[in-house]
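Contents: one structure, followed by commentary.
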Amino acid sequence: AQSVAQPEDQVNVAEGNPLTVKCTYSVSGNPYLFWYVQYPNRGLQFLLKYITGDNLVKGSYGFEAEFNKSQTSFHLKKPSALVSDSALYFCAVRDGGTGFQKLVFGTGTRLLVSP
Amino acid sequence: DGGITQSPKYLFRKEGQNVTLSCEQNLNHDAMYWYRQDPGQGLRLIYYSQIVNDFQKGDIAEGYSVSREKKESFPLTVTSAQKNPTAFYLCASSAIQGDRQPQHFGDGTRLSIL
Numbered sequence: 002a003q004s005v006a007q008p009e010d011q012v013n014v015a016e017g018n019p020l021t022v023k024c025t026y027s028v029s030g031n032p033y034l035f036w037y038v039q040y041p042n043r044g045l046q047f048l049l050k051y052i053t054g055d056n057l058v059k060g061s062y063g064f065e066a067e068f069n070k071s072q073t074s075f076h077l078k079k080p081s082a083l084v085s086d087s088a089l090y091f092c093a094v095r096d097g098g099t100g101f102q103k104l105v106f107g108t109g110t111r112l113l114v115s116p
Numbered sequence: 002d003g004g005i006t007q008s009p010k011y012l013f014r015k016e017g018q019n020v021t022l023s024c025e026q027n028l029n030h031d032a033m034y035w036y037r038q039d040p041g042q043g044l045r046l047i048y049y050s051q052i053v054n055d056f057q058k059g060d061i062a063e064g065y066s067v068s069r070e071k072k073e074s075f076p077l078t079v080t081s082a083q084k085n086p087t088a089f090y091l092c093a094s095s096a097i098q099g100d101r102q103p104q105h106f107g108d109g110t111r112l113s114i115l
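From first to last, the protein sequence lines are chains A and B.
Heads up: the first sequence at position 41 corresponds to 42 in my numbering, and the numbers run straight through without jumps.
Heads up: the second sequence at position 55 corresponds to 56 in my numbering, and the numbers run straight through without jumps.
Next comes the structure, spelled out in structure tokens:
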């Protein structure tokens, strides 16, 4: 069965500094990996995905993520954080096999960007 | 604009009462999902539907029921058998179940006990 781990409940960073939100995964086949962001009392918004191809994936709002197969990681990064990036971030994975494969979410990492 | 509409935004349930959460999408997506979100636990799958008139249990289906009579609609009923219903409920859809495209989410319904 697939699983996702987000080891940090909260990440604190100063505005203008680079940020990293960590994610590791486990699947039996090829992983389809996603990052979502959630603002208070809102649904999840899609940021980026890795399906195949280049290990560095670029997404919305200047975010990017690096797929590392050997470390089974998919960390979310941004070169320069904004206060408005403060939100809850979820990593999710599904197995790329055939048939129904549910999307499994991590427990979320709260990002707090201070002015 | 295409999207997913969940209603109501806030809902209160009395003891022994069933309540129904609405989810409507105009994205022409085949697959729809219901998730429950609790603090610190991420999202857990309640039910999903890959096509009209068909749906499957997810990880935590006990105390919940769904229907899928129309492609656009996937209502969730929280029954009195669900003893701990207080949570944030999220509906999502995707073009084709298992597709490489991401799931799209509504803005949720927050359910509380009176």
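Glycine included, each C-beta is placed from N, C-alpha and C at the ideal position.
Computed from a prediction, not measured in an experiment: that's the story for all the values here.
Interface residues of chain B facing residue i [CB-CB closer than 7 Å]
i, result
"lysine 78/A", "Those do not exist, as lysine 78/A stays about 19 Å from chain B at its closest Cβ, beyond 7 Å."
"phenylalanine 106/A", "Gly43 and Leu44"
"glycine 109/A", "Gly43"
"lysine 59/A", "None at all; the shortest Cβ gap to chain B is about 15 Å."
Coarse secondary structure for residue i, derived from DSSP in three states
i, result
"serine 71/A", "coil"
"tyrosine 40/A", "coil"
"serine 113/B", "strand"
"aspartate 108/B", "coil"
"aspartate 86/A", "helix"
"serine 81/B", "coil"
"serine 61/A", "helix"
"proline 32/A", "strand"
"cysteine 92/A", "strand"
"isoleucine 61/B", "coil"
"lysine 103/A", "coil"
Rounded separation between residue i and residue j - CA only
i, j, result
"valine 79/B", "serine 8/B", "14 Å"
"glycine 107/A", "leucine 28/B", "26 Å"
"glycine 34/A", "tyrosine 34/B", "Going by the sequence as given, residue 34/A is leucine instead of glycine. Near 18 Å, if we compare the C-alpha coordinates of tyrosine 34/B and leucine 34/A."
"leucine 89/A", "leucine 44/B", "12 Å"
"glycine 98/A", "leucine 12/B", "38 Å"
"glycine 107/B", "leucine 45/A", "8 Å"
"arginine 43/A", "glycine 109/B", "6 Å"
"glutamate 63/B", "glycine 41/B", "21 Å"
"aspartate 39/B", "leucine 112/B", "11 Å"
"lysine 72/B", "aspartate 31/B", "7 Å"
"glutamine 26/B", "glutamine 104/B", "12 Å"
Chain-ordered chain A contacts of residue i [CB-CB under 8 Å]
i, result
"isoleucine 91/B", "According to the sequence as given, residue 91/B is leucine; it is not isoleucine. Per Cβ cutoff of 8 Å: Gly44 and Leu45."
Interface residues of chain D facing residue i [CB-CB closer than 7 Å]
i, result
"tyrosine 33/A", "The chain labelled as chain D is not found among the protein chains of the depicted structure, namely A and B."
Residues within the region 23–45 of chain B neighbouring chain A, beta-carbon criterion of under 7 Å:
Gly41, Gln42, Gly43 and Leu44
Against chain A: residues of the region 94–115 of chain B by CB proximity under 8 Å:
Gln98, Gly99, Arg101, Pro103, Gln104, His105, Phe106, Gly107, Asp108, Gly109 and Arg111
Meets three-Cβ-pair contact criterion under 8 Å: the region 16–34 of chain A and the region 67–75 of chain A:
yes
Just by C-beta distance, which residues in the region 71–96 of chain A are closer than 9 Å to chain B?
Phe91, Ala93 and Arg95
Is the region 74–90 of chain B touching the region 3–18 of chain B, taking contact as three or more C-beta pairs under 8 Å?
yes
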